[in-house]
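**Student:**
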Amino acid sequence: MPDTFDRMRRLCTLLTRIRRLHDFDKWAPLTSFAEAAGVTPQVMREDLDALASIEFDESYIPNYFTFEIDAADHVRVTALPIAATDAMKAPAQLTPPEAASLLSFLAGLQPLAGGCDEALSGLVEAIAQAAGVPQTARSWDALGPVPDEAILAEVRACMDQDLLCRIGYIRGDATRYEAVIEPYHLRLERGMWYLFARPHEGDTAGEQRTYRVDKMWKAESTDEPFEPYPLDLARYADGVFPPDTPQRTARVAFRDQAAAYAQERWGEGDDLGDGRIAITVEFASVDWLLRTLALYGAEFEVLEPAGLREVVRTRAEAALARYRESA
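Residue numbering for the sequence shown follows numbering that gives the first Met the number 0, beginning at 0 and increasing consecutively.
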């Protein structure tokens, strides 16, 4: 439906001009809408008529805004399901499944509605706020794994009542284990539910941990209350997995465009005089550093320490050998 998406782009252009959500639900001349969207009144009228008449199947229903046009060619845009006044200070409340559905629709719309990122991100932010989930939900991935509803409900119940919860969890290496935890906070990020908690027993008791709820194979209340201890949510401001504290440094040379990107990430480097820039990179894990540097393709070279340089050389030679064998 190319026409539909062209109209969506023009509509999103219009929405970016509406500075506050409570400006919706007001009648305005059709000409002012057309002017804001940069089209003629006739094209705007055709756009609104077409959008109002679109029939979607049950799995694809965009319940974000509706349009009304009166006999005098005045238009009213009604935003749904966000009903708010005074710049969204009192949004409607949505359940997490409702929010997930809406966010999933927006994730599918974004690649098809270029040029309207500001409008879409504003809607996603409002939906996330209305559902009571963090704004990180704007990165919703519709294909992300879905946690077991019963497990999620049990975790929520324990969290709300400050009860210890026994969970069964699948580690990254696919092994399973059980643990008794103190559940504190749930967050929806990039389409996945994460639980911030503290182990209640063992060597890691009291440490802040992050669990992916979809990797829990069971969750049950112990009916034993625990004394909540304040959780440091600030450490998760940039994501559910806070970075490790850097303990080592490496000197890495970058060339061409990679040098510009690397300096944006790690700060200004030193010009080596041969078209390369040398940058000091802090890291805690060698594997993390190598995965990160791999993003720069062939435009980087580890200068020091010598041990790390040898690791990179060995892995590169092993990869090259595999390609030669399959040639």
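Heads up, the beta-carbon is just placed ideally off N, CA and C, and yes, glycines get one too.
Using three-state DSSP, classify residue 165 as helix, strand or coil.
**Tutor:** Along the sequence shown, one-based indexing puts residue 165 at 166. Of the three classes helix, strand and coil, the one that applies to residue 165 here is strand, per DSSP.
**Student:** Report all residues from its chain with a CB closer than 7 angstroms to the CB of residue 325; omit the five preceding and five following residues, and keep chain order.
**Tutor:** Here residue 325 is taken as the residue at index 326 of the sequence shown, counted from 1. The answer is none, since no qualifying residue turns up.
**Student:** Is it buried or exposed for residue 223, if we count other Cβ within 10 angstroms and need 16 for buried?
**Tutor:** Residue mapping note: residue 223 aligns to position 224 of the sequence shown, counting from 1. Residue 223 is exposed by the Cβ-count criterion.
**Student:** Looking at the secondary structure, which residues open and close the beta strand (DSSP E) in which residue 221 lies?
**Tutor:** Counted from its first residue, the sequence shown places residue 221 at position 222. Where residue 221 is concerned, the enclosing beta strand (DSSP E) stretches over 215-224.
**Student:** What do you get for residue 293, buried or exposed, if any count of 16 or more other CB atoms within 10 angstroms of its CB means buried?
**Tutor:** Taking the sequence shown and counting its residues from 1, the one referred to as residue 293 is at position 294. With fewer than 16 Cβ atoms within 10 Å of its Cβ, residue 293 is classed as exposed.
**Student:** Exposed or buried, residue 268, counting other C-beta atoms within 10 Å across all chains shown (16 or more means buried)?
**Tutor:** On the sequence shown, residue 268 is found 269 positions in, with the first residue counted as 1. Flag for residue 268 reads buried.
**Student:** For my contact list, residue 300 and residue 252 are in at a C-beta cut-off of 8 angstroms; report their separation, rounded to the angstrom.
**Tutor:** Mapped onto the sequence shown, residue 300 falls at position 301. Mapped onto the sequence shown, residue 252 falls at position 253. Contact flag correct, Cβ pair sits at about 5 angstroms.
**Student:** State the CB to CB distance for the pair residue 185 and residue 158, rounded to an integer number of angstroms; the pair is presumed to be in contact (CB under 8 angstroms).
**Tutor:** Mapped onto the sequence shown, residue 185 falls at position 186. Mapped onto the sequence shown, residue 158 falls at position 159. 7 angstroms between Cβ atoms; contact.
**Student:** Report the three-state DSSP secondary structure of residue 188 (helix, strand or coil).
**Tutor:** Mapped onto the sequence shown, residue 188 falls at position 189. Reduced to three states, the DSSP call for residue 188 is strand.
**Student:** Taking the CB atoms as reference points, tell me whether residue 154 and residue 198 lie closer together than 7 angstroms.
**Tutor:** Translated into the one-based positions of the sequence shown, residue 154 becomes position 155. Translated into the one-based positions of the sequence shown, residue 198 becomes position 199. Going by C-beta atoms, residue 154 is not nearer than 7 angstroms to residue 198.
**Student:** For a quick check, are the C-beta atoms of residue 283 and residue 246 less than 7 angstroms apart?
**Tutor:** The residue given as residue 283 occupies position 284 in the sequence shown. The residue given as residue 246 occupies position 247 in the sequence shown. Yes, they are a contact pair.
**Student:** Please report how far the alpha carbon of residue 305 lies from the alpha carbon of residue 322, in whole angstroms.
**Tutor:** Translated into the one-based positions of the sequence shown, residue 305 becomes position 306. Translated into the one-based positions of the sequence shown, residue 322 becomes position 323. Between residue 305 and residue 322, the C-alpha separation is close to 26 angstroms.
**Student:** Would you call the CB atoms of residue 254 and residue 303 closer than 7 angstroms?
**Tutor:** Here residue 254 corresponds to residue number 255 of the sequence shown, with the count starting at 1. Here residue 303 corresponds to residue number 304 of the sequence shown, with the count starting at 1. The answer is no: Cβ separation not under 7 angstroms.
**Student:** How many Å lie between residue 263 and residue 270 at the Cα?
**Tutor:** Counting from one through the sequence shown, the residue named residue 263 turns up at place 264. Counting from one through the sequence shown, the residue named residue 270 turns up at place 271. Cα to Cα, residue 263 sits roughly 15 angstroms from residue 270.
**Student:** Whole angstroms are fine: how far does the CA of residue 307 sit from the CA of residue 317?
**Tutor:** To locate residue 317, count along the sequence shown from 1; it is residue 318. To locate residue 307, count along the sequence shown from 1; it is residue 308. For residue 317 and residue 307, the distance between alpha carbons rounds to 15 angstroms.
**Student:** Closer than 6 angstroms by C-beta to residue 26: which residues in its own chain qualify, once you throw out the five before and the five after it? Chain order, please.
**Tutor:** Within the sequence shown, numbered from 1, the residue matching residue 26 stands at position 27. Only 73 and 75 meet the Cβ criterion.
**Student:** Are the beta-carbon atoms of residue 333 and residue 218 separated by less than 7 angstroms?
**Tutor:** What the structure shows of the chain is the stretch from 0 to 326, and residue 333 is not part of that stretch, so it cannot be assessed.
**Student:** Considering just the uninterrupted stretch of the alpha helix (DSSP H) at residue 321, what are its terminal residues?
**Tutor:** Here the question's residue 321 lines up with position 322 in the sequence shown. That run of the alpha helix (DSSP H) goes 305-325.
**Student:** Please list, in chain order, all residues of the same chain as residue 151 whose beta carbon is under 6 angstroms from its beta carbon, the five residues on each side excluded.
**Tutor:** Within the sequence shown, residue 151 is the residue found at index 152, counting from 1. Result list for residue 151: 212, in chain order.
**Student:** Is it true that the CB of residue 194 sits closer than 7 angstroms to the CB of residue 176?
**Tutor:** As a working mapping, residue 176 is identified with position 177 in the sequence shown. As a working mapping, residue 194 is identified with position 195 in the sequence shown. No. Outside cutoff.
**Student:** Could you name the residues that DSSP lists as bridge partners for residue 281?
**Tutor:** For the purposes of this step, residue 281 is taken as the residue at position 282 of the sequence shown. For residue 281, which the question treats as bridged, DSSP gives the partners 248.
**Student:** Is residue 188 buried or exposed, if buried means 16 or more other CB atoms sit within 10 Å of its CB?
**Tutor:** Taking the first residue of the sequence shown as position 1, residue 188 is located at position 189. Residue 188 comes out buried.
**Student:** Can you give the Cα-Cα distance for residue 196 and residue 207, rounded to whole angstroms?
**Tutor:** Looking up residue 196 in the sequence shown gives position 197. Looking up residue 207 in the sequence shown gives position 208. Whole-angstrom Cα-Cα distance: 6 angstroms.
**Student:** Using 10 angstroms around the beta-carbon of residue 33, count the other beta-carbons present and answer buried if the total reaches 16, otherwise exposed.
**Tutor:** What you label residue 33 is simply residue 34 of the sequence shown in a count that begins at 1. The residue is buried, with at least 16 neighbouring Cβ atoms inside 10 Å.
**Student:** In terms of residue numbering, what span does the alpha helix (DSSP H) encompassing residue 264 cover?
**Tutor:** The sequence position of residue 264 within the sequence shown is 265, counting from 1. Per DSSP, residue 264 belongs to the alpha helix (DSSP H) from 255-265.
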